[in-house]
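Report on the structure given below.
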Amino acid sequence: MVTRSHPMAYDKAYFDKWYRNRQHQVRTPAQIRRIVTFTVAAAEYVLDRPIRSVLDVGAGEGHWQPILSAMRPNLRYVGVEPSEYAVARFGTRRGLRRGSVETLEQLELHAEHPEGFDLVVCCGVLNYVPTRSLGNALEQLVLHTSGVAWLELFTKHDEIEGDVAALRPRTAAWYRERFGNAGFVPCGLHLYAPQDRAAGLTALETCATA
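In the working numbering, the protein residues as written are 215 to 424.
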């Protein structure tokens, strides 16, 4: 399993090490492409139409954006990233803006996109959010999800590769409780649907235990 940490800022050296150095990189470009293809297919399965919008929280250098743009040329992509370096270098080209999952509410994205986003992505970030902030962060992600969310995170029992210095060890049961309290229904493979969307799915299309 792979993840990246959640410090206050990421510089060029950080991205060079974890995304371009073959000795340390957490994912290859081919692996990223497979994940993007999978999440798009999952969202379109649930929505029964091509996706039109993506919110990527903790977007890094916006690696998902060119892949998504090639797949769905008219798609609206919003990337949120705390790294001053990444936003300065790739912000205009890839649709990045400064922020984090903890400050999502301050960006007022709901005013810009009241209908929400067909696909919300938060990859390898939630492991590092303090407990006091996680509930609100999840509620904000639910608020912005009109289709499905791909929320990749790992538990204290997973074998993790990457920058794990600030990893917060938590159990799967702990996360499931917080996700449920926020209004997310698990669908497997890091996919979650907000309760109103999950209401239209069949019993075995979700991992909910009723």
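Yeah, the Cβ is synthetic: ideal placement off N, Cα and C, and Gly gets one too.
Three or more Cβ pairs closer than 8 Å define a contact, and the stretch 387-399 falls short of that threshold against the stretch 285-298. CA-CA distance, alanine 227 to glycine 313, rounds to 20 Å. A direct Cα-to-Cα measurement between glutamate 366 and aspartate 332 gives close to 17 Å. Collapsing the DSSP output to three states places proline 280 in a helix.
Three or more beta-carbon pairs drawn from the stretch 329-347 and the stretch 268-287 are found closer than 8 Å, and the two stretches are therefore classed as touching. Considering only Leu405, Tyr224, Leu415 and Ala407, the residue with the shortest C-alpha distance to arginine 303 is Tyr224. C-alpha of glycine 274 to C-alpha of leucine 318: approximately 15 Å in a straight line. Beta-bridge analysis with DSSP links tyrosine 291 to Val268. Every beta strand (DSSP E) of 3 residues or more that sits fully in the stretch 356-391 is shown, in chain order, as 359-366. For arginine 236, the secondary structure class from DSSP, reduced to helix, strand or coil, is coil. Your pair glycine 361 and arginine 411 checks out as a contact, with CB atoms roughly 7 Å apart and the cut at 8 Å. Annotated three-state conformation of aspartate 262 is coil, per DSSP. Sorting Ala256, Gly305 and Phe393 by C-alpha distance to the C-alpha of valine 356 places Phe393 at the top. Across the set Glu353, Ala413, Ala363 and Val343, the C-alpha of Val343 shows the shortest separation from the C-alpha of arginine 384. Taken atom to atom, the span from the alpha-carbon of tryptophan 364 to that of lysine 231 is near 25 Å. Alanine 302 is bridged by DSSP to nothing; it lacks a bridge partner.
Shown here, tyrosine 228 sits in a helix according to DSSP, grouped into three states.
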